[in-house]
Amino acid sequence: MPQDTADLVIVGAGTIGGWASVFAAELGARRVVVLDAGTAGAGASSRAAGIVRSQGGTATAVDLARWTTAFYRGQQERYGIDSGFRTLGYLILAFDEADGAAARERLAMQQERGLDSRWVDAAEAAELLPVLDEARITGATYCAEDGAIDPPRNVLAYTVALKAAGVDLRERTAATGLRIEGGRVTGVVTARGTVATERVILAGGVGQGALTALTGGPGVPVGGARHQIAVTSPHTALATGPLPMAFELATGLYWRQEEGGILFGMSNPLEEPGEAREVDWDNLRTIRTRLGELMPLTRELDLRRVWAATIDYTPDHLPILGPALDAAREPLGGVTVASPGGHGMMWGPAVARIAADLALHGTSDVTDATFLGPDRFDEHGASTLATDPIALPFPETVGS
Ligand SMILES: Cc1cc2nc3c(=O)[nH]c(=O)nc-3n(C[C@H](O)[C@H](O)[C@H](O)COP(=O)(O)OP(=O)(O)OC[C@H]3O[C@@H](n4cnc5c(N)ncnc54)[C@H](O)[C@@H]3O)c2cc1C
17 MPQDTADLVI
27 VGAGTIGGWA
37 SVFAAELGAR
47 RVVVLDAGTA
57 GAGASSRAAG
67 IVRSQGGTAT
77 AVDLARWTTA
87 FYRGQQERYG
97 IDSGFRTLGY
107 LILAFDEADG
117 AAARERLAMQ
127 QERGLDSRWV
137 DAAEAAELLP
147 VLDEARITGA
157 TYCAEDGAID
167 PPRNVLAYTV
177 ALKAAGVDLR
187 ERTAATGLRI
197 EGGRVTGVVT
207 ARGTVATERV
217 ILAGGVGQGA
227 LTALTGGPGV
237 PVGGARHQIA
247 VTSPHTALAT
257 GPLPMAFELA
267 TGLYWRQEEG
277 GILFGMSNPL
287 EEPGEAREVD
297 WDNLRTIRTR
307 LGELMPLTRE
317 LDLRRVWAAT
327 IDYTPDHLPI
337 LGPALDAARE
347 PLGGVTVASP
357 GGHGMMWGPA
367 VARIAADLAL
377 HGTSDVTDAT
387 FLGPDRFDEH
397 GASTLATDPI
407 ALPFPETVGS
């Protein structure tokens, strides 16, 4: 029987592993195998809200989102299918002077990166989004280029693209071990046998901690937390537009238009971290109350869809991109870690492209990723980097 070999094995067929396989094939990798314990996209990637925000709190976040947005915009031409990206604009709401001061500092950094973001006062925010109660806010930062994708369609888009690129997708095939010889990976072990390879990308979503621990080293600190989304019934005032999306940073409440109504989401940072897919109805009531304060007309709307899924996060809210560590915390040859830090819709394709670049060439020009590796965390998961301030409020630890 011929040996099962690959130029590159990618573990995880979410948006990171899926797009990384397409980019790797485009970069010249001849035999690319993608393994998934379940089916493509069945993790967070098909359950997300689809918000694509370039208004990040760090230069890294801005660069990753801008690259990703440009990618989404060019997808139809490149692959004949898209991820459903539409331009909506995004308001990040400010409620007091401190919010306003932080916003102006962020804007300066974003504009230096080339982002067309700006300050709008409360009246202009309400002009852009007439259903917003302008008395509640002091203003907002606004970026007209931001938008949203349709997450299930993104799964379809990368699945079509990877098949067209000749990638070998193996679903229901968990990676159970790594074969390591002389400080380098030589294969990925599955229940169906071992795929011999010198290059591996680990893209296991919320399972990334356990997956990266297959190196014998410390698993990367990727946590999981319940994240809830609900969609309201339609209303004529919400069916016009496009209306900009909006985000309240302190509570993590955000929303966007969806089928003539509003899709909104929020995490509960007080909840213990861990995988959770059941709806927490009490928390959902809290979210609805806050949404009703900010957009009073939503109080009269019903809910027509509600779901909860486990969202991935990292302690500093930044992606993890770089060589996996072995038991001695030394880089393990040939194994690249790729985690989007809970921002897989807004950063996913850029993170995937960097992962493919690093796996094949050791460097990437998407953005400076040299400081994003797993070696930035100590044994307790504490990062050497400053936390990105524009993120959902997650629990402060990633759990055990
Ligand atoms: C409710 C919700 C809303 C969200 N909203 C947004 C949003 O609006 N904007 C945004 O940017 N992000 C959002 N996110 C986050 C985003 O969805 C994730 O960051 C992204 O989908 C993660 O992609 P991934 O490929 O890393 O992981 P996943 O999509 O979870 O895929 C990982 C895959 O790895 C596989 N796997 C794990 N271990 C193994 C193994 N040992 N062997 C084989 N396969 C394995 C799993 O089966 C899984 O299919 C949201 C997430 C949730 C849950």
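Numbering (this note's numbering), first residue to last: 17 to 416. Ideal Cβ positions, reconstructed from N, Cα and C, are used throughout, including at glycine. Note that the structure is a prediction, hence the values are computed from the model and not measured.
With 16 as the cutoff for other CB atoms within 10 Å, does Val-322 come out buried or exposed?
exposed
In terms of alpha-carbon separation, which member of Arg-320, Asp-404 and Pro-260 lies closest to Ala-141?
Pro-260
Integer-rounded CB distance, given that Tyr-106 should sit under 8 Å from Arg-134
About 12 Å; that fails the 8 Å criterion.
Could you check whether Ile-336 and Ala-354 sit closer than 9 Å to each other, using their CB atoms as the reference points?
yes
Straight-line gap, Gly-209 to Leu-51 (C-alpha atoms, nearest Å)
12 Å
If distances are taken between C-alpha atoms only, which option among Leu-348, Glu-214 and Thr-302 comes closest to Leu-376?
Glu-214
Cβ neighbours of Trp-440 in the same chain (closer than 6 Å, five flanking residues each side left out):
Within the shown structure, residues of the chain are numbered from 17 to 416, placing residue 440 beyond reach of any answer.
Specify whether the segment 46-60 and the segment 70-89 touch according to this definition: at least 3 beta carbon pairs, one from each stretch, less than 8 Å apart.
no
Would you decide whether Ala-36 is buried or exposed? Buried here means 16 or more other CB atoms lie within 10 Å of its CB.
buried
Please state whether DSSP places Ser-133 in a helix, a strand or coil.
strand
Length of the line joining the Cα atoms of Glu-224 and Gly-182:
Note that residue 224 is Gln in the sequence shown, not Glu. Distance between the alpha carbons of Gln-224 and Gly-182 is about 26 Å.
Please work out which residues of its chain come closer than 6 Å, Cβ to Cβ, to Asp-23, disregarding the five sequence neighbours upstream and downstream, and give them in chain order.
Ala-45, Arg-46 and Arg-47
When you compare only the Cα positions, how much space is there between Leu-145 and Gly-232?
51 Å
Please tell me whether, using a cut-off of 8 Å, the distance from the CB of Thr-74 to the nearest non-hydrogen atom of ligand 1 is below it.
no
Whose C-alpha, out of Met-125, Ala-119 and Ala-173, is nearest the C-alpha of Arg-94?
Ala-173
Between the segment 102-116 and the segment 264-275, can you find at least three pairs of beta-carbon atoms closer than 8 Å?
yes
Measuring from the CB of Thr-31, is there a heavy atom of ligand 2 at a distance below 8 Å?
Ligand 2 is not part of the structure shown, which contains ligand 1 as its ligands.
From the DSSP output, which residues share a beta bridge with Asp-328?
Gly-240
Output yes or no for whether 9 Å exceeds the beta carbon distance between Arg-409 and Ala-266.
The question names Arg, but residue 409 in the sequence shown is Pro. Taking 9 Å as the Cβ cut-off, Pro-409 and Ala-266 qualify as a contacting pair.
Return the residue from the list Ala-114, Gln-71, Thr-386 and Ala-177 that minimises the CA-CA distance to Leu-131.
Gln-71
Output the residue ranges of the alpha helix (DSSP H) runs that lie fully inside the segment 106-182 and measure 4 residues or longer, sorted by chain position.
113-128, 138-144 and 167-180
Going by DSSP, name the residue or residues bridged to Phe-263.
Ile-108 and Tyr-270
Could you tell me which of Val-68, Gly-100, Thr-55 and Asp-384 sits nearest to Met-362, measuring between CA atoms?
Val-68
If you follow the beta strand (DSSP E) that Ser-283 is in, where does it begin and where does it stop?
277-283
When we look at the beta-carbon of His-396 and count the other beta-carbons within 10 Å, is it buried (16 or more) or exposed?
exposed
Can the beta-carbon of Asp-112 be found closer than 9 Å to that of Leu-310?
no
If we call anything under 9 Å between Cβ atoms a contact, is Gly-281 one with Gln-244?
yes
Please name the residue in Gly-163, Gly-66, Ser-61 and Val-176 whose C-alpha comes closest to that of Gln-92.
Val-176
Quick check: Leu-109 and Ala-156, are their CB atoms within less than 9 Å of each other?
yes
For Asp-296, the nearest candidate out of Ala-58, Ala-325 and Gly-360 (CA to CA)
Ala-325
For Thr-400, does the count of other Cβ atoms within 10 angstroms reach 16, so buried, or fall short, so exposed?
exposed
Distance, Gly-308 Cα to Ala-151 Cα:
13 Å
List, from N- to C-terminal side, the beta strand (DSSP E) runs of 3 residues or more that fit wholly inside the segment 337-397.
347-355
Between Trp-83 and ligand 1, is the CB less than 8 Å from at least one heavy atom?
no
Confirm, please, whether the CB-CB distance from Ala-368 to Val-38 is below 9 Å.
yes
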